[in-house]
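Just below is one structure, and these are the notes that go with it.
Numbering (full-length UniProt numbering), first residue to last: 1 to 433.
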């Protein structure tokens, strides 16, 4: 990969959560990069800008960028970040929600080939289905010629809206899986598209602060929800009563041992699928100690770990410990990490945000971004620093898909004390392969 320019700021106030996709996307024809984020009161613009749902629209040929506001002061919460879709007519689609504080999925459609000009906001009201308990997250994926928007909604389960006109209108499709709720919500799910008519996913049982989660994998194909090996869990997915995600394939099991230490409270981070059917995921878990002691916060949480999981065609998973993720990012969110991103066009390449050098094991003053490369399916890695000696944290990297000839790496840097409070700027390091 050829070296690109130094990282440049594309939005001076913003952050994102990681259960929405695509949060950043490239139009290969116009070489336009669009990345969504939420502004906070602690950043430039202060309270007047707090909660803005924003898009940074970047011309990758010139480096020029413009910030567009989709919704002014929706809510100061990184969970509200939009999911993006590039339509066949050249328009962009952006879909977003609040963080469980109302029941509306919102969306806007751009003018043709112009991500800076947008039509009016429209809404889908979930309240008749949720009983007014709220909706969170948006994930746009297409399968069988239909566009799906996956959200956490009814019973805080994974549900879907469906559109047959590329997002002009939406209807309720159904619930993907379900189980009795424990604590705050049910499973946390990441979705991957890619070549072929299927949507892959990894999911958990509940929130890791409420439950000793495992991580499960399955895929939606032809209206059927299948396990990793193709076995059927739900022959009529999104119709009628849904099955529990426990019936999917276990990828990373709570209670399993790695290096003689027990892992627990697993969580999902990223998932990608390549054109040959290979699936890769990055997962996290608490490492070592008694999970019940940590569950009830009787002592500090041990370090978290990143795990890399690779599914080859045929249904067999290879899982390896990849890197230390450090302690929890926030005292009240002990399972939050700096996150990691898989290159959507090279499943052997990842980018991690960690306060521990994955090559040397040295503890660092701040979260730094490292590029990792594997030649053996994740069993071993070589690491190269992307950032070094920073005076602030570098968090939540994304590699924006859309153009296989480029690897636009995005992250935000600054200070973050909660999902609602941060002073961060969004930077881009654009690289040509």
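A virtual CB, placed ideally from N, CA and C, is assigned to each residue, including glycine. Here the structure is a predicted model, which means the values were calculated and not measured.
Review point. Taking the continuous alpha helix (DSSP H) assigned at residue 153, which residues delimit it?
Key: Premise fails: residue 153 is in no alpha helix (DSSP H) and is neither H nor E.
Exercise for review: Pick out whichever of 98, 55 and 423 has its Cα sitting closest to the Cα of residue 393.
Suggested key: 423
Check your understanding: Out of curiosity, what's the CA-to-CA distance linking residue 135 and residue 161?
Key -> 12 Å
Check your understanding: Exposed or buried, residue 275, counting other C-beta atoms within 10 Å across all chains shown (16 or more means buried)?
Key -> exposed
Exercise for review: Could you pull the start and end residues of the beta strand (DSSP E) that residue 65 belongs to?
Suggested key: 65-71
Exercise for review: Identify whether residue 130 lies in helix, strand or coil by the three-state DSSP scheme.
Suggested key: helix
Exercise for review: Could you tell me if residue 184 is buried or exposed, where buried requires 16 or more neighbouring beta carbons within 10 angstroms of its beta carbon?
Suggested key: Classification of residue 184: exposed, given that the 10 Å Cβ count is below 16.
Practice item. Could you tell me the boundaries of the beta strand (DSSP E) in which residue 49 lies? Key: It is not in any beta strand (DSSP E) - residue 49 instead sits in the alpha helix (DSSP H) that spans 46-49.
Review point. Is it right to say residue 214 is buried, meaning 16 or more other beta carbons lie within 10 angstroms of its own, or is it exposed?
Key: buried
**Study point:** N-terminal and C-terminal residue of the beta strand (DSSP E) that residue 322 is part of
**Key:** Its beta strand (DSSP E) spans residues 316-326.
Check your understanding: How big is the Cα-Cα spacing for residue 245 and residue 226?
Key -> 11 Å
Exercise for review: Return yes when the Cβ of residue 344 is within less than 8 Å of the Cβ of residue 272, no when it is not.
Suggested key: yes
**Study point:** 7 Å CB neighbourhood of residue 171 in its chain, flanking five on each side removed
**Key:** 161 and 162
Exercise for review: Verify whether the separation of the beta carbon atoms of residue 427 and residue 82 is less than 8 Å.
Suggested key: no
Check your understanding: Where residue 211 and residue 263 are concerned, what is the direct C-alpha to C-alpha distance, given to the nearest angstrom?
Key -> 13 Å
Exercise for review: Would you check if the distance between the CB atom of residue 320 and the CB atom of residue 340 is smaller than 8 Å?
Suggested key: no
Point to revise | Where the beta strand (DSSP E) through residue 186 begins and ends | key: Premise fails: residue 186 is in no beta strand (DSSP E) and is neither H nor E.
Review point. When burial is assigned at 16 or more other CB atoms within 10 Å of the CB, is residue 223 buried or exposed?
Key: exposed
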